[in-house]
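Colleague: The structure's right below; bear with me while I get my questions together.
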Amino acid sequence: MTQTDLSRITILVPGKLNEHAAGRMEKTFNMVAMETADPDQVSDELAKKVQGIAAFGAINAAFMDRLPNLEIIASFGVGYDSVDAAHAGKAGVMVTNTPDVLTEEVADTALALLLNAVREFPRAENYLREGRWAKEGPYRLTPGTLRGRKAGIFGMGRIGQAIARRLEAFGLSVAYHNRRKVDDLAYEYHPTLVSLAAAVDTLICVVPGGASTANAINAEVLEALGPQGVLVNIGRGSTVDEAALVAALRSGTIFAAGLDVFADEPNVSKDLVYLPNACLLPHVGSASIHTRNAMADLVVDNLIAWFSQGKPLTAVPETAHVRAQ
Ligand code: NAP
Ligand code: 8YV
-7 MTQTDLSRIT
3 ILVPGKLNEH
13 AAGRMEKTFN
23 MVAMETADPD
33 QVSDELAKKV
43 QGIAAFGAIN
53 AAFMDRLPNL
63 EIIASFGVGY
73 DSVDAAHAGK
83 AGVMVTNTPD
93 VLTEEVADTA
103 LALLLNAVRE
113 FPRAENYLRE
123 GRWAKEGPYR
133 LTPGTLRGRK
143 AGIFGMGRIG
153 QAIARRLEAF
163 GLSVAYHNRR
173 KVDDLAYEYH
183 PTLVSLAAAV
193 DTLICVVPGG
203 ASTANAINAE
213 VLEALGPQGV
223 LVNIGRGSTV
233 DEAALVAALR
243 SGTIFAAGLD
253 VFADEPNVSK
263 DLVYLPNACL
273 LPHVGSASIH
283 TRNAMADLVV
293 DNLIAWFSQG
303 KPLTAVPETA
313 HVRAQ
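Structure below.
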């Protein structure tokens, strides 16, 4: 199929579209934007036309079922817990995500969160901006340091390994927990999350969201991490029991936390916002123009590959069996 033929293919874009993706999509496909992925907002005429979705938010089973000719959902982000990929797999709909292109950016952000949480750099900067350095003297010596810390990575996948490389360069030891031990990786493996937390004082969470990781970081894990413990979550907010985390930060059960992701984004619990030992970012792990453009390109390139060659570039495992008709 030629580029001209692709322009006859209707791609639905629910929600706010990344600008770079929008530019390429408009030139390549018949792009139809809609506010949210609400099946009741799709006319019968449009429903029949749609062959693909570029997803920048959640896509549930009801929305897929509304579109009888849907072939592919190209999702923006490596994590695709907001897309019902299991349903798509059963319905013969391909789902793609955006792995690799964001790995190094997200790993950088994880290290920034760790340093900020341990060395209080955002608070020290506010101290300067408030004029307190000149009035009150130097910012306090931080009780926290990276020196001598032992790091544990929950989710030693693509991003977990990029974080591990950085931690090694910073002089920290590294251990990890996954469901399966990774072949040819020298880091110490722990078969349970609690055993990992007990063995380290710096826990970095970078597992996918979804049922298998929901609330995995609970009171028991935080207790095991201990009073010098620092939790960094760059994975998904659903993985942390936020009430247990707030209690652990308040009571000194752990020392500090650095969080990029939250249970109910963009709403962040006031309990966390008011805690001085929580360092918070608004889900910006991959949020540079460079990396978001690369993710946007991969969304568009997956759609082009599917409709021109019948094979996407980065299928998610749940739909790897799906073939173009
Ligand atoms: P990946 O390569 O698939 O790595 C995920 C790792 O988690 C794998 O090593 C996997 O190993 C492990 N894992 C999965 N389920 C688990 C479970 N139930 N228990 C223990 N370990 C489990 O994915 P990635 O590219 O590194 O991305 C990881 C996640 O980071 C994404 O899914 C996304 O949620 C998050 N993320 C966040 C941002 C941000 O902006 N904050 C940006 C990008 C990604 P096993 O299968 O052996 O368990
Ligand atoms: C994106 C992410 O910010 O890739 C992921 O899984 O969480 C982030 O890179 C997000 O998907 C875009 O909304």
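In this note's numbering, the protein residues as written are -7 to 317.
The C-beta atom is built at its ideal place from N, Cα and C for all residues, glycine as well.
Would you call Glu257 buried or exposed, if buried means 16 or more other Cβ atoms sit within 10 Å of its Cβ?
Modeller: exposed
Colleague: Measuring straight from C-alpha to C-alpha, what distance separates Met17 and Ala167?
Modeller: Taking the straight line from one Cα to the other gives about 42 Å.
Colleague: Figure out for me which residue from Arg315, Ile209, Pro200 and Ile3 has the closest Cα to the Cα of Val232.
Modeller: Ile209
Colleague: Tell me the residue span of the alpha helix (DSSP H) that contains Ile296.
Modeller: Ile281 to Gln301
Colleague: Asp175 bridges to which residues according to DSSP?
Modeller: Per DSSP, none; premise fails for Asp175.
Colleague: Span of the beta strand (DSSP E) holding Gln153?
Modeller: Looking at the DSSP string, Gln153 is not in any beta strand (DSSP E); the run it does join, the alpha helix (DSSP H), is Arg150 to Ala161.
Colleague: Measure from the alpha carbon of Ala203 to the alpha carbon of each residue in Ala39, Val87, Glu180 and Asp76, then state which is nearest.
Modeller: Asp76
Colleague: When you measure from the CB of Asp100 to every non-hydrogen atom of the ligand NAP, does any distance come out below 7 Å?
Modeller: False, no ligand heavy atom lies under 7 Å from that Cβ.
Colleague: Determine contact between the region 47 to 60 and the region 70 to 87, defined as no fewer than three beta-carbon pairs at a distance below 8 Å.
Modeller: The answer is yes - the region 70 to 87 touches the region 47 to 60, with three or more Cβ pairs under 8 Å.
Colleague: For a minimum of 3 consecutive residues, which ranges assigned as the beta strand (DSSP E) are wholly contained in the region 10 to 39?
Modeller: 22 to 26, all fully within the region 10 to 39.
Colleague: Would you say the beta carbon of Leu185 comes nearer than 7 Å to a heavy atom of the ligand 8YV?
Modeller: no
Colleague: Just how far apart, CA to CA, sit Gly370 and Ile226?
Modeller: For the chain, the structure presents residues -7 to 317; residue 370 sits outside this window and is missing.
Colleague: Confirm, please, whether the CB-CB distance from Met23 to Val5 is below 8 Å.
Modeller: It is a contact, given that the beta carbons lie within the stated cut-off.
Colleague: Need the endpoints of the alpha helix (DSSP H) that Val213 sits in, please.
Modeller: Annotation for Val213: the continuous alpha helix (DSSP H) segment containing it runs Ala211 to Leu217.
Colleague: Under 7 Å: does the beta carbon of Asn170 sit that close to some heavy atom of the ligand NAP?
Modeller: yes
Colleague: Can you pull the DSSP bridge partners for Ser67?
Modeller: Partner residues in the beta bridge of Ser67, as assigned by DSSP, are Ala47.
Colleague: Can you list, in chain order, the residues of its chain with a C-beta nearer than 8 Å to that of Val265? Leave out the 5 residues immediately preceding and following it.
Modeller: Leu272
Colleague: Hey, Ile246 and Gly221: beta-carbon distance below 8 Å or not?
Modeller: yes
Colleague: Measuring alpha carbon to alpha carbon, tell me which of Lys173, Ala83 and Ser165 ends up nearest Thr311.
Modeller: Ala83
Colleague: Nearest-angstrom Cα distance between Pro31 and Ala104?
Modeller: 40 Å
Colleague: According to DSSP, which residues form a beta bridge with Gly144?
Modeller: Ala167 and Leu195
Colleague: Using a Cβ-Cβ cut-off of 8 Å (strictly less than) and excluding sequence neighbours within five positions of Ser(-1), which residues of its own chain qualify?
Modeller: Thr20, Phe21 and Asn22
Colleague: If we call anything under 8 Å between Cβ atoms a contact, is Ala99 one with Ala248?
Modeller: no
Colleague: Tell whether a beta-carbon distance below 8 Å holds between Ala154 and Tyr131.
Modeller: no
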